[in-house]
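Chemist: Count along the sequence shown from 1, add 1164, and you get the number used in my numbering. One structure, pasted below without further comment.
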Amino acid sequence: MSISTPLQARITAIGSYVPAHILSNADLQGMVDTNDEWIVQRTGIKERRIAAANEFTSHLCIAAVQNMLTRYPSSLDDVELIIVATHTPDLPSTPVACQIQAHFCIPETGAYDLNATCAGFTYALHTASGLVAAGVHSKVLVVGGDSMSKITDYTDRSTCILFGDGAGAVLVEREEERPAFLAHHLGSDGSGGKHVYRTGLSSNLNGIPLAGEGKLVQNGREVYKFAVTTVPQGIEKLLMKSGLPHTTIDWFIPHSANLRIIESISEKCGIAFEKALYSLEYYGNTSAASIPLSLDLGIKEGKVRSGDTLLLYGFGGGLTHSGLIVRWG
1165 MSISTPLQAR
1175 ITAIGSYVPA
1185 HILSNADLQG
1195 MVDTNDEWIV
1205 QRTGIKERRI
1215 AAANEFTSHL
1225 CIAAVQNMLT
1235 RYPSSLDDVE
1245 LIIVATHTPD
1255 LPSTPVACQI
1265 QAHFCIPETG
1275 AYDLNATCAG
1285 FTYALHTASG
1295 LVAAGVHSKV
1305 LVVGGDSMSK
1315 ITDYTDRSTC
1325 ILFGDGAGAV
1335 LVEREEERPA
1345 FLAHHLGSDG
1355 SGGKHVYRTG
1365 LSSNLNGIPL
1375 AGEGKLVQNG
1385 REVYKFAVTT
1395 VPQGIEKLLM
1405 KSGLPHTTID
1415 WFIPHSANLR
1425 IIESISEKCG
1435 IAFEKALYSL
1445 EYYGNTSAAS
1455 IPLSLDLGIK
1465 EGKVRSGDTL
1475 LLYGFGGGLT
1485 HSGLIVRWG
């Protein structure tokens, strides 16, 4: 496998947002047969943020972009493309990306949503960096956001303990002197789609009848097996493409699905667990938002610094997975 040529693009700004309402483990104990000790032991999650009844994915994403603008001296007027990673859009046929364009009055930009579920942000970031590096666009706004509470069955104790709502946004711009996207790896296994899904116009997948009536259904055991097997293999390929040993990775930022999954992946990859950044402890599994939320937390806490090498890896429904090695700042 040959070493990849770094893409001439970099992340120039970041912002994030989570709703105000907190759903604690104690709150869940009053809703289903569970308790704080059981949840923390199995998932590492203590709290999650829940959108208000009239608050949807577009609101979360717009707030994340606004947060970015207050922290970085950025303009959206020259954004040429908006990509939103989500599988919980407000409406089936109006992209969240178009709602962002309208809210910020961005004059001339393309806009579309991308659905790769929990791997959505890394898929969108890969797409944006490729387009920018190729010279097709010079500035792309990438947003990952999901309102998981809207599709969660709060009578199912195996899934309702996991999910929260949130969004994260970044700008990807052309960078010729310090190319920051060092390697990428994408993969999928459609035969495993039956293990985590939400029914829509159809309740049939590859000839298999599905249950759930529009709510998320997940076989946690199978998703765990997929993640702890597939992600380490993908990380190995990423490192080979980048030509970097795992010891040069400053921060590992996986999808914040479950702390036990992150621990297992870290051990199998030889990446110290102390290098893992995650957002699940107080935000839960926020799907496409989890990686940008984790990265932004690391920046706010003073962990992630300019020049650090980051390994991002998303995985989820589809089944999909994708990873990037990126130099920050």
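Where is the CB? At the ideal position from N, CA and C, for every residue including glycine. From a predicted model like this one, the values you see are computed outputs, not experimental measurements.
Quick one: is lysine 1464 buried, meaning 16 or more other Cβ sit within 10 Å of its Cβ, or exposed?
Modeler: Classification for lysine 1464: exposed.
Chemist: Which residue's Cα is closest to the Cα of glycine 1384: Arg1321, Glu1427, Glu1340, Ser1443?
Modeler: Closest option to glycine 1384, Cα to Cα, is Arg1321.
Chemist: Just the Cα atoms here: how many angstroms apart are alanine 1173 and proline 1409?
Modeler: Roughly 22 Å between the two C-alpha positions.
Chemist: Checking 8 Å against the spacing of the C-beta atoms, do valine 1306 and glycine 1481 come in under that value?
Modeler: No, they are not a contact pair.
Chemist: Assuming isoleucine 1489 contacts valine 1334 under a Cβ cut-off of 8 Å, what Cβ separation, rounded to an integer in Å, is found between them?
Modeler: Wrong, their Cβ atoms sit about 16 Å apart, outside the cutoff.
Chemist: What are the partner residues of threonine 1484, as DSSP defines its beta bridges?
Modeler: DSSP lists Ser1352, Gly1480 as partners of threonine 1484.
Chemist: Using 8 Å as the threshold, is the C-beta distance between isoleucine 1425 and alanine 1391 below it?
Modeler: Contact flag set, yes.
Chemist: What number of angstroms, rounded off, separates the C-alpha of methionine 1312 from the C-alpha of serine 1486?
Modeler: Their backbone Cα atoms lie some 21 Å apart in a straight line.
Chemist: Extract the residue ranges of the beta strand (DSSP E) inside the segment 1363-1446, only unbroken runs of 3 or more that lie entirely within it.
Modeler: Complete beta strand (DSSP E) runs here, min 3: 1380-1382, 1415-1418.
Chemist: Ignore the nearest five residues each way along the sequence and tell me which others in serine 1302's own chain have a CB closer than 8 Å to its CB.
Modeler: Around serine 1302: Asp1242, Glu1244, Val1296, Glu1337, Arg1338.
Chemist: When you compare only the Cα positions, how much space is there between alanine 1436 and threonine 1316?
Modeler: Approximately 33 Å, taken between the alpha carbons.
Chemist: Of the choices Gly1328, Pro1396, Gly1466, Ala1190, whose alpha-carbon is the least far from that of glycine 1434?
Modeler: Answer by Cα proximity: Pro1396.
Chemist: CB-CB under 8 Å to threonine 1207, same chain, minus the five flanking residues each way: which ones, in chain order?
Modeler: For threonine 1207, where only same-chain residues beyond five positions count, the Cβ hits under 8 Å are Ile1325, Leu1326, Asn1422, Leu1423, Arg1424, Leu1444.
Chemist: Note the first and the last residue of the continuous beta strand (DSSP E) segment covering leucine 1305.
Modeler: That run of the beta strand (DSSP E) goes 1303-1311.
Chemist: Taking buried to mean at least 16 other C-beta atoms within 10 Å of its own C-beta, is alanine 1344 buried or exposed?
Modeler: So alanine 1344 ends up on the buried side.
Chemist: Tell me the residue span of the beta strand (DSSP E) that contains threonine 1176.
Modeler: That run of the beta strand (DSSP E) goes 1173-1181.
Chemist: Please go through the same chain and pick out, in chain order, the residues whose beta-carbon is closer than 8 Å to the beta-carbon of glycine 1471, but skip the five residues on each side of it.
Modeler: Here the set comprises Arg1491, Trp1492, Gly1493.
Chemist: Apart from the five residues on each side of it in sequence, which residues of its chain come closer than 7 Å, Cβ to Cβ, to arginine 1213?
Modeler: Cβ neighbours of arginine 1213 beyond the five flanking positions: Val1182, Pro1183, His1185, Ile1186, Gly1328, Asp1329, Gly1330, Tyr1447.
Chemist: My output table needs one value for glycine 1357: the three-state DSSP class, helix, strand or coil.
Modeler: Looking at glycine 1357 - three-state DSSP - the assignment turns out to be helix.
Chemist: Which runs of the beta strand (DSSP E) fall wholly inside the segment 1223-1255 and span at least 3 residues, in chain order?
Modeler: Within the segment 1223-1255, the complete beta strand (DSSP E) runs of at least 3 residues are 1245-1249.
Chemist: Grab me the residues of serine 1222's own chain with a C-beta within less than 6 Å of its C-beta, minus the 5 sequence neighbours each way, in chain order.
Modeler: Correct list, in chain order: Asp1254, Val1260, Gln1263.
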